[in-house]
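Numbering (our numbering), first residue to last: 1 to 290.
All C-beta atoms, glycine included, are put in the ideal place defined by N, C-alpha and C.
All figures in this text were calculated on a predicted structure; none of them were measured in a lab.
The structure appears below as structure tokens.
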């Protein structure tokens, strides 16, 4: 759920942008740890999300605000965060560290089920709109005229700009990050992986312009898993009919720009390492060197 209440909320509130830089280092003392050793180098939030960097996620969450994140999870994502809110209300000295260490790694006291995963991740494929899961959404006649729409089940929880930018960030997870096994020829796939501490539980929530699919893969014999949920997603998507002409709708207020890897600012000619990212048109970074 980290992309929702950390990165997604950060972009929505203009706390971060695609190329905001954070140092790949411990937040405090020796926690949280990453799968790989800390590089002690700065990297963009897009890169951090792609590689599931725990330390940078915690730092982004701290900047977004734990209280704001918990309120968003309760009111918009409709998740059970009573224990987390109780810790905040009690305002103990340890609440911030305890919540950062758990929420930053995506752990909630009451947990999250597959239905909640699917219901909330769909917003990144639907312009920020969240639909209650239902077997009936729209009825059309033979002329393709809409005669019924289950619109009461819809809620806008992110702007279309935030949803599209996050969708492209999550595509990076599949292109070069922890979800590479989800790549499917000819299909635009975005998604996010997740595992429990002992690798018993393996998650993947993926999306295409036509489908959103959440997979929870559990290994009860204690064997360590790698990408079982990701592979299950890919095999499922490959069995579904796909229309290559259907694409995500790009908001008019989202622009594609080159940025300098070293500064995170908009690139100019003298920048050595340049990457491409997506930004809100009215929230562009400064130009490198100015």
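Residue burial classification, residue i (beta-carbon count within 10 angstroms, cutoff 16)
i           : result
residue 122 : buried
residue 135 : exposed
residue 259 : buried
residue 241 : exposed
residue 174 : buried
residue 126 : buried
residue 7   : buried
residue 44  : buried
residue 289 : exposed
residue 162 : buried
residue 52  : buried
residue 148 : exposed
Start and end residues, alpha helix (DSSP H) containing residue i
i           : result
residue 150 : Here residue 150 belongs to no alpha helix (DSSP H), and DSSP marks it neither H nor E.
residue 201 : Taken as a continuous stretch (DSSP letters only), residue 201 belongs to no alpha helix (DSSP H), being part of the beta strand (DSSP E) at 201 to 207.
residue 164 : 160 to 176
residue 248 : Here residue 248 belongs to no alpha helix (DSSP H), and DSSP marks it neither H nor E.
residue 60  : 54 to 64
residue 121 : 114 to 121
residue 100 : 95 to 103
residue 108 : Note, residue 108: premise wrong, no alpha helix (DSSP H); not H, not E.
residue 12  : 9 to 12
Proximity below 8 Å, CB of residue i to CB of residue j
i           : j           : result
residue 118 : residue 214 : yes
residue 194 : residue 50  : no
residue 108 : residue 79  : yes
residue 232 : residue 211 : no
For residue i, the residue or residues it bridges with in DSSP
i           : result
residue 180 : The partner list for residue 180 (beta bridge, DSSP) is empty, contrary to what the question assumes.
residue 234 : Per DSSP, none; premise fails for residue 234.
residue 136 : In DSSP, residue 136 forms no bridge with anything.
residue 276 : 258
residue 36  : None; residue 36 has no bridge partner.
residue 216 : 203
residue 42  : 23
Rounded distance between the beta-carbons of residue j and residue i, thought under 8 Å
i           : j           : result
residue 158 : residue 179 : Between residue 179 and residue 158 the Cβ distance is about 21 Å, and since that is not below 8 Å, they are no contact.
residue 273 : residue 261 : 4 Å
residue 59  : residue 27  : 6 Å
residue 190 : residue 124 : 7 Å
Unbroken beta strand (DSSP E) run spanning residue i, endpoints
i           : result
residue 255 : 254 to 260
residue 21  : 21 to 23
residue 194 : 190 to 195
residue 85  : From DSSP, residue 85 is part of no beta strand (DSSP E) but of the alpha helix (DSSP H) over 82 to 90.
residue 155 : 154 to 156
residue 129 : 129 to 131
Residue i Cβ short of 7 Å to the ligand SAM heavy atom set
i           : result
residue 103 : Here there are no bound small molecules, and the ligand SAM is not part of this structure.
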